[in-house]
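Residue numbers (the working numbering): 654 to 1287. All C-beta atoms, glycine included, are put in the ideal place defined by N, C-alpha and C. To start, the structure itself, in structure tokens.
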């Protein structure tokens, strides 16, 4: 019986270890994957580690994470320790009050704390960035330090400090030589918890930072919006550092004991031990000075050395070497913030947040122009670049004569489908109405976007996607309600990319660039544009009215339009380049036979979104109800 229990216990322990460590092993393996897929291993490669080290933003986020965690740990440990000791020797009502204050942040949902800190910084007009991020981390780490120290303090004799002072110790000596050594295990535990909490935090960090300052969790969040295996590479690097730290913590005490027993001469005896820290410190300082001097000489010879370009753009919308090559060419530093939606971007811009370059969609550019939030472009500074672009994506209704914008990517919205599950004849017969076909119930994806979902519904009903007729919009709303209530779709965003590449469902609504990637990964996937028409969209570069570095913004626009940068962008992301040469070349090479890459042009039923404030609000409210109906149906 006892033997069976032991075997059962070992099996449970083994399963628990597999449960916890298998995802880490999976992540490490796929950090060496040759392709972009996060689920299909195609061969060994170090390309994602190379991309990680070239990505200055990613490495800077790792640096910010470590620095914030170390400083927050040090400050919160000191403050938490002093507060805990003071509380232990205070009156009961003081103890009770401080204990409740200390427990509140830990019991509060993180989102409440995060929003509270954000409102605090806004109220006192404190620009969010490194300082606010550090203050937020210190604030939420202190309670955990105190929580770790309090049990140790309760176990001490309350007369210990008095006894020490009776024997001649000063109050400071009683604190540092008697009390602190006794509670040191609690202090170390609190410091480790504080470091872990700070290193790992996302929600509070997300609401407390700004000005392009990101820690690793925010960076990973923005990268995970699209397929980017560099996430695996940097995560593997962190796991490696932690593993080395744990090994050293366990091995060093053992080695120290062995070294004490040895009497043989070693370097530590040839060179006095006290000099080692000074030598190591000197070497580190010299290396740092040489590195900074070398970087300064390299950057100083570049046209925009020492300058910073602030960009606000959709997440994961650049090639592997796009930003690093621009920094290398100009000597400038790029700070790139990302947004999840055009509406999120608009709120920041309308609130006067400063950026040098924005990359919004066509209808949002139209709105920004109407509200006088953009500065018109100087044609003489971009004419050579404009000559490189496809005429099909120029001089469109949202920005006549491209007075304010230069195209960055363009494409369409269509249906991605598994050829083994969905016959082309069904698509040709039903178009977008295939999302109401009972045979595909539970086997389709809807895109979590009010614009694209209502576009699909309106086009399925043969209406214009720019209609302002309440009856037509209401009919589209009922169409979507029927879809979510009867067809059991999964409402997703960028998860559709890898999911359809693996053929997990029959069909879904998707952007053409994402479809191009999916089709390049899986030959059984197709892309279809219904004859009722679709949305032809353009994302373009614009310069806000309050941009600080306009000259560098023009340099970025011209760089983006050139062949090398445009090729890097388009070949990696999958969206269609406006550079005509790149578009034609990729259509014949990387995306040969993939009809999703080159958008359908000149088709009478295809449209470009137009901005209408009243209609947008109506559609936003209706789509919120559609999502509620979908959750209730599930």
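For this session: Output the distance between the C-alpha atoms of residue 1175 and residue 805, rounded to the nearest integer angstrom.
Result: In this structure, the alpha-carbon of residue 1175 lies about 59 Å from that of residue 805.
For this session: Assign residue 739 to one of three DSSP states: helix, strand, or coil.
Result: helix
Exercise. Should the segment 1094-1107 be regarded as contacting the segment 1165-1175, the criterion being three or more beta carbon pairs within less than 8 Å?
Worked result: no
Problem set entry | Residue from 971, 842, 989 and 679 whose Cα sits closest to the Cα of residue 714 | Closest option to residue 714, Cα to Cα, is 989.
For this session: Tell whether a beta-carbon distance below 8 Å holds between residue 720 and residue 782.
Result: no
Exercise. Quick one: what does DSSP say residue 1178 is sitting in, helix, strand or coil?
Worked result: strand
Exercise. Ordered along the chain, which non-local residues of its own chain (more than five positions away) have a Cβ less than 7 Å from that of residue 1182?
Worked result: 1065, 1067 and 1253
Problem set entry | Runs of beta strand (DSSP E) wholly within the segment 710-781 (minimum 3 residues, chain order) | none
Problem set entry | Spatially closest choice to residue 1288 from 1280, 1112, 1202 and 1173, by CA coordinates | This structure cannot speak to residue 1288, because the chain is shown only from 654 to 1287.
Exercise. For residue 971, which three-state DSSP category applies?
Worked result: In the three-state reduction of the DSSP assignment, residue 971 falls in the coil class.
Problem set entry | Simplified DSSP assignment, three categories, for residue 1263 | coil
Exercise. Relative to the C-alpha of residue 1141, which residue among 1098, 1208, 709 and 675 is closest?
Worked result: 1098
Exercise. Which residue's Cα is closest to the Cα of residue 899: 845, 727, 1220 and 886?
Worked result: 845
Problem set entry | CA-to-CA distance, residue 1139 to residue 1089, given in whole angstroms | About 8 Å.
For this session: For the segment 1148-1204, list the alpha helix (DSSP H) runs that are entirely contained and at least 4 residues long, ordered along the chain.
Result: Counting only runs of at least 4 residues, the segment 1148-1204 fully encloses the following alpha helix (DSSP H) elements, listed from N- to C-terminal order: 1148-1154 and 1165-1174.
Exercise. Three or more beta-carbon pairs under 8 Å between the segment 722-734 and the segment 846-854, yes or no?
Worked result: yes
Exercise. Going by C-alpha distance, which of 1155, 1050, 891 and 1280 is nearest residue 1135?
Worked result: 1280
For this session: Would you check if there are 3 or more beta carbon pairs closer than 8 Å linking the segment 994-1011 to the segment 724-736?
Result: Short answer: they don't touch.
Exercise. Closer than 7 Å: is that where the CB of residue 1111 sits relative to any heavy atom of the ligand SAH?
Worked result: Questions concerning the ligand SAH fall outside what the structure shown contains, since it holds no ligand whatsoever.
Exercise. Residue 960 to residue 1003, Cα distance in whole Å?
Worked result: 25 Å
Problem set entry | Secondary structure, beta strand (DSSP E): runs of 3+ residues fully inside the segment 978-1039 | 986-992
Problem set entry | Ranges of the alpha helix (DSSP H) found wholly within the segment 787-860, counting only runs of at least 4 | With a minimum length of 4 residues, the continuous alpha helix (DSSP H) runs that stay inside the segment 787-860 are 813-819 and 833-853.
For this session: Note down, in chain order, each residue of its chain lying with its Cβ closer than 7 Å to the Cβ of residue 940, except the 5 sequence neighbours on either side.
Result: Caution is warranted here: a pLDDT of 42 is assigned to residue 940, below 50, making its placement in the model unreliable, and the coordinate value is therefore given only provisionally. Excluding sequence positions up to five before and after residue 940, its CB lies less than 7 Å from no other CB in the same chain.
Exercise. Where residue 671 and residue 665 are concerned, what is the direct C-alpha to C-alpha distance, given to the nearest angstrom?
Worked result: 10 Å
Problem set entry | Cutoff 6 Å; reference residue 944; Cβ partners in own chain excluding five residues on either side | Confidence is the limiting factor: at residue 944 the pLDDT is only 42, short of 50, which leaves the residue's position unreliable, though a coordinate-based value still follows. No residues qualify anywhere along the chain.
For this session: Spell out the partners DSSP gives residue 1143 in its beta bridges.
Result: 1098
For this session: Quickly, what does DSSP pair residue 1091 with across the bridge? List them, please.
Result: DSSP, once it has assigned bridges, lists no residue as partnering residue 1091.
Problem set entry | Cα-Cα separation between residue 942 and residue 1032, rounded to whole angstroms | Caution applies to residue 942, whose pLDDT of 40 falls short of 50 and renders its modelled position unreliable; the value that the coordinates give is listed next. Those two C-alpha atoms are separated by around 43 Å.
Exercise. Hey, is residue 1065's beta-carbon within less than 8 Å of any beta-carbon in chain B?
Worked result: In the structure shown, chain B cannot be found, because there is only a single protein chain.
Problem set entry | Separation of residue 971 from residue 1069, as counted between CA atoms | 23 Å
Exercise. Assuming residue 808 and residue 842 make a contact with CB atoms under 8 Å, what is their CB distance in whole Å?
Worked result: Contact doesn't hold; Cβ gap of about 14 Å is too wide.
For this session: Taking 8 Å as the threshold, find out whether the segment 1211-1220 comes into contact with the segment 1033-1045 through three or more Cβ pairs.
Result: yes
Exercise. Excluding sequence positions up to five away, which residues of its chain have a Cβ less than 6 Å from the Cβ of residue 1277?
Worked result: Non-local C-beta neighbours of residue 1277 in its own chain, meaning closer than 6 Å and more than five positions away in sequence, are absent.
For this session: Please go through the same chain and pick out, in chain order, the residues whose beta-carbon is closer than 6 Å to the beta-carbon of residue 607, but skip the five residues on each side of it.
Result: Any answer about residue 607 is impossible in this case: the structure gives the chain only from 654 up to 1287.
Problem set entry | Expected contact under 8 Å - CB spacing of residue 767 and residue 907 to nearest Å | That belief does not hold up - the Cβ atoms of residue 767 and residue 907 are roughly 43 Å apart, past 8 Å.
Exercise. Does the segment 813-820 touch the segment 751-767, meaning 3 or more C-beta pairs lie closer than 8 Å?
Worked result: Verdict: no, contact absent.
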